[in-house]
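Student: In full-length UniProt numbering, the protein residues as written are 1 to 543. Glycine included, C-beta positions come from ideal geometry on N, C-alpha and C. Okay, here's the structure, questions in a sec.
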């Protein structure tokens, strides 16, 4: 029986238990599900050509041995088979292949296969997110078949395109615009049409990247407040009377209060979901604009949808049936980054510690291809139990990408190789650099490059930060489509350049016995670089 049928029969308790029952699990019960599904996956994965190529003839007899025999993997370990879409080599038959960018300037795309069982799990967990987005207490929710979703995410073949596809299998909720129309539209056209439809018909849900939701909300506010959106008489006839009344009342109130119209003046959302990175930078503003606190969920191309917040909006819980989860402590992760010969130990869900930051490692269940896979995401465990939620399983908050990848607003993944390529292509006389993700006064993320150039360039080429920034931006856009989209879609210029005085990096190395890391430079090391360049400038250098 589908969700739609259960809603018509008002089987609300059964719906909650089916989709959100994982929140009632004890830690022991949670691990039983993890272990049972992992044992099944080990058999499938060990028997396929992909698994055999990584195991090199060995065969694990259980989970502990699997974790000993299978090394920690990255996409390079799978690229040869997956990029050729060699289905016969995989542990399960793919129904669909999902695509995303891999690494700008080096690898164009990566793809991930989804089996029928993976899609079934995805569907159930998407429904759980939909339910929890509307809940204000345990067991209570507000979802109807007549609901409409304003959809601000990319269509297939990107992972976010699975959301409407999966949901449509269980409930006939409408998407604004309709999915079959949206795939033929640009990003801007989709948002413009979606809001136009919402203004006529109302909307109950909004789902998008936090950064995109913010940009779209601002454009809606500006166009309605300024009266830029011209509406003909024939179009007005298509508006529901309640929406016309709401628009008129909203404009009257905003005029009286001398403020811009906000989305919450027009729409009364039941649920607001955000995905992607940097959501913490936008949640407060989005709540102010829409009158609803966004519920964060986390999904990715390789892991599928893995976690969601609840009505408390105080940490994400990982679904027990999507992936088998392992965790690397931040300390061991950085040790491994400094010394690749060091193999970091991993910890299971029942071994995590509150307050600790972890790099996530997954084995995709239900016939998935990825085993002991380093996703590249960092989470902090915020608690093992929660009295407010009445849960007994760990919950997490998303921190960011691993330190050697800089992700800006969920759009682009800037790597060390990418920055090296940009500097090389630009032809600029850069002698050394570090890259740091920083935040402005409005909590918006940006990429800050601290660069040292040859002394002759400063003397004879009138090198300035503006010139260097403009040149580097050109090449970032050249090698990375996602970087171009930051400006095109979000209106962001994410690059800040600081030129350090000549000799700063050399002085740092002489004082510390090493150069600072290019991509995972701690803030205290950045501060030291700035202090050292001031020393050079003052001519008052100590030995």
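Applying the 10 Å Cβ sphere with the 16-neighbour rule, what's the burial state of residue 324?
Tutor: On the chain shown, position 324 is the one that residue 324 refers to. Answer is buried; the Cβ neighbour count reaches 16.
Student: Mind checking whether residue 194 and residue 167 have CB atoms under 7 Å apart?
Tutor: The sequence position of residue 194 within the chain shown is 194, counting from 1. The sequence position of residue 167 within the chain shown is 167, counting from 1. Going by C-beta atoms, residue 194 is not nearer than 7 Å to residue 167.
Student: Could you tell me which residues DSSP puts in a beta bridge with residue 449?
Tutor: Taking the first residue of the chain shown as position 1, residue 449 is located at position 449. According to DSSP, which records beta bridges pairwise, residue 449 is partnered with 435 and 497.
Student: Could you tell me which residues DSSP pairs with residue 316 in its beta bridges?
Tutor: The residue labelled residue 316 in the question sits at position 316 within the chain shown. Answer is 396, bridged to residue 316.
Student: Would you call the region 380-387 in contact with the region 411-423, where contact means no fewer than 3 C-beta pairs closer than 8 Å?
Tutor: Judged by Cβ distances under 8 Å, the region 380-387 makes no contact with the region 411-423, as fewer than three pairs qualify.
Student: Determine the DSSP secondary structure at residue 270, reduced to helix, strand or coil.
Tutor: Against the chain shown, residue 270 aligns to sequence position 270. The answer is coil: DSSP assigns residue 270 none of H, G, I, E or B.
Student: I need the boundaries of the alpha helix (DSSP H) containing residue 16, first residue and last residue.
Tutor: Translated into the one-based positions of the chain shown, residue 16 becomes position 16. First-last of the alpha helix (DSSP H) with residue 16: 12-20.
Student: Are residue 157 and residue 95 close, meaning C-beta to C-beta below 7 Å?
Tutor: Indexing the chain shown from 1 puts residue 157 at position 157. Indexing the chain shown from 1 puts residue 95 at position 95. No; because the gap between Cβ atoms is not below 7 Å, this pair is not in contact.
Student: Check the DSSP bridge columns for residue 410 and list the partner residues they point to.
Tutor: In the chain shown, residue 410 corresponds to position 410, counting from 1. Paired residue(s): none; residue 410 is not in a bridge.
Student: Is it the case that the region 201-217 contacts the region 142-157, given that we only count it when at least three CB pairs across the two stretches are under 8 Å?
Tutor: The region 142-157 is in contact with the region 201-217.
Student: Is residue 147 helix, strand or coil when you go by DSSP?
Tutor: As a working mapping, residue 147 is identified with position 147 in the chain shown. DSSP places residue 147 in coil when its eight states are reduced to three.
Student: Beta strand (DSSP E) containing residue 103: first to last residue?
Tutor: Within the chain shown, residue 103 is the residue found at index 103, counting from 1. Segment 94-103, the beta strand (DSSP E) holding residue 103.
Student: What is the DSSP secondary structure of residue 464, counted as helix, strand or coil?
Tutor: Numbered from 1 along the chain shown, position 464 holds the residue referred to as residue 464. Coil at residue 464, not helix or strand.
Student: Output yes or no for whether 7 Å exceeds the beta carbon distance between residue 133 and residue 243.
Tutor: Walking along the chain shown from the start, residue 133 turns up at place 133. Walking along the chain shown from the start, residue 243 turns up at place 243. Contact flag unset, no.
Student: Select from 322, 472 and 326 the residue whose C-alpha is nearest the C-alpha of residue 353.
Tutor: Numbered from 1 along the chain shown, position 353 holds the residue referred to as residue 353. Checking every option, the nearest Cα to that of residue 353 belongs to 326.
Student: DSSP three-state call for residue 480: helix, strand or coil?
Tutor: Here residue 480 corresponds to residue number 480 of the chain shown, with the count starting at 1. Three-state DSSP puts residue 480 in coil, outside helix and strand.
Student: With distances taken from CA atoms, which of 481, 83, 31 and 91 is nearest residue 43?
Tutor: Sequence index remark: in the chain shown, residue 43 carries index 43 (1-based). Of the listed residues, the one whose Cα sits closest to residue 43 is 91.
Student: Excluding five sequence neighbours on each side, which residues of the same chain lie with their C-beta closer than 6 Å to the C-beta of residue 49?
Tutor: Walking along the chain shown from the start, residue 49 turns up at place 49. Only 89 meet the Cβ criterion.
Student: Between which two residues does the beta strand (DSSP E) carrying residue 362 extend?
Tutor: Stepping through the chain shown from its first residue, residue 362 is reached at position 362. That run of the beta strand (DSSP E) goes 357-364.
Student: For residue 462, is the classification buried or exposed, using 16 other Cβ atoms within 10 angstroms of its Cβ as the cut-off for buried?
Tutor: For the purposes of this step, residue 462 is taken as residue 462 along the chain shown, with counting starting at 1. Below a pLDDT of 50, predicted positions are generally treated as unreliable, and residue 462, at 48, falls in that range; the measurement from the model is reported next regardless. By the neighbour-count rule (16 or more Cβ atoms within 10 Å), residue 462 is not buried but exposed.
Student: Less than 8 Å between C-beta atoms, sequence neighbours within five positions excluded: which residues of the same chain meet that for residue 233?
Tutor: Numbered from 1 along the chain shown, position 233 holds the residue referred to as residue 233. Confidence in residue 233 is poor, its pLDDT being 49 and thus under 50, which makes the residue's placement too unreliable to answer from.
Student: Can you list, in chain order, the residues of its chain whose CB lies under 7 Å from that of residue 460, leaving out five sequence neighbours each side?
Tutor: On the chain shown, residue 460 is found 460 positions in, with the first residue counted as 1. At residue 460, the pLDDT of 41 sits below 50, so the modelled position is not reliable; the number obtained from the coordinates is stated separately. There are no such residues.
Student: Please determine, among 247, 123 and 80, the residue with the shortest C-alpha to C-alpha distance to residue 319.
Tutor: Your numbering for residue 319 matches position 319 in the chain shown. Looking at the Cα atoms, 123 is the closest of the given residues.
Student: Candidates 445, 429, 430 and 125: which alpha carbon is nearest residue 436's?
Tutor: In the chain shown, residue 436 corresponds to position 436, counting from 1. Looking at the Cα atoms, 445 is the closest of the given residues.
Student: If we count Cβ pairs, one from each stretch, closer than 8 Å, do we get three or more for the region 335-354 versus the region 283-299?
Tutor: Not touching, per the Cβ criterion.
Student: With a threshold of 8 Å, are at least 3 pairs of Cβ atoms found where one atom belongs to the region 177-194 and the other to the region 246-266?
Tutor: The answer is no - the region 246-266 does not touch the region 177-194, with fewer than three Cβ pairs under 8 Å.
Student: Whole-angstrom Cβ separation of residue 63 and residue 38, contact assumed at under 8 Å?
Tutor: Here residue 63 refers to the residue found at position 63 of the chain shown. Here residue 38 refers to the residue found at position 38 of the chain shown. With 8 Å as the limit, residue 63 and residue 38 qualify as a contact, their Cβ atoms being about 5 Å apart.
Student: Express the C-alpha separation of residue 507 and residue 481 in angstroms, rounding to a whole number.
Tutor: Position 481 of the chain shown, counted from the first residue, corresponds to residue 481. Position 507 of the chain shown, counted from the first residue, corresponds to residue 507. Roughly 37 Å between the two C-alpha positions.
Student: Can you give me the C-alpha to C-alpha distance between residue 391 and residue 200, rounded to a whole angstrom?
Tutor: Counting from one through the chain shown, the residue named residue 391 turns up at place 391. Counting from one through the chain shown, the residue named residue 200 turns up at place 200. If I take the Cα positions, the gap works out to 41 Å.
Student: Could you check whether the region 333-343 touches the region 303-314, counting it as contact only if at least three pairs of C-beta atoms, one from each stretch, sit closer than 8 Å?
Tutor: The region 333-343, when compared against the region 303-314, does not touch it at the 8 Å Cβ threshold.
Student: Should residue 211 go down as buried or exposed, given a rule of 16 or more other Cβ atoms within 10 Å for buried?
Tutor: Your numbering for residue 211 matches position 211 in the chain shown. Flag for residue 211 reads buried.
Student: Compute the Euclidean distance between the alpha carbons of residue 19 and residue 278, then round it to the nearest angstrom.
Tutor: Position 19 of the chain shown, counted from the start, is the residue given in the question as residue 19. Position 278 of the chain shown, counted from the start, is the residue given in the question as residue 278. C-alpha separation (whole angstroms): 27 Å.
Student: Rank 14, 115, 67 and 271 by C-alpha distance to the C-alpha of residue 368 and give the top, closest one.
Tutor: Against the chain shown, residue 368 aligns to sequence position 368. Closest option to residue 368, Cα to Cα, is 115.
Student: Pull up the distance between the alpha-carbon of residue 427 and that of residue 497, whole angstroms please.
Tutor: Counting from one through the chain shown, the residue named residue 427 turns up at place 427. Counting from one through the chain shown, the residue named residue 497 turns up at place 497. For residue 427 and residue 497, the distance between alpha carbons rounds to 16 Å.
Student: Give me whichever residues DSSP pairs with residue 295 in a beta bridge.
Tutor: The residue you call residue 295 lines up with position 295 of the chain shown. Looking at the DSSP assignment, residue 295 forms a beta bridge with 273.
Student: Between the beta-carbon of residue 441 and the beta-carbon of residue 505, is there less than 7 Å?
Tutor: Taking the chain shown and counting its residues from 1, the one referred to as residue 441 is at position 441. Taking the chain shown and counting its residues from 1, the one referred to as residue 505 is at position 505. Result no, Cβ atoms of residue 441 and residue 505 do not sit closer than 7 Å.
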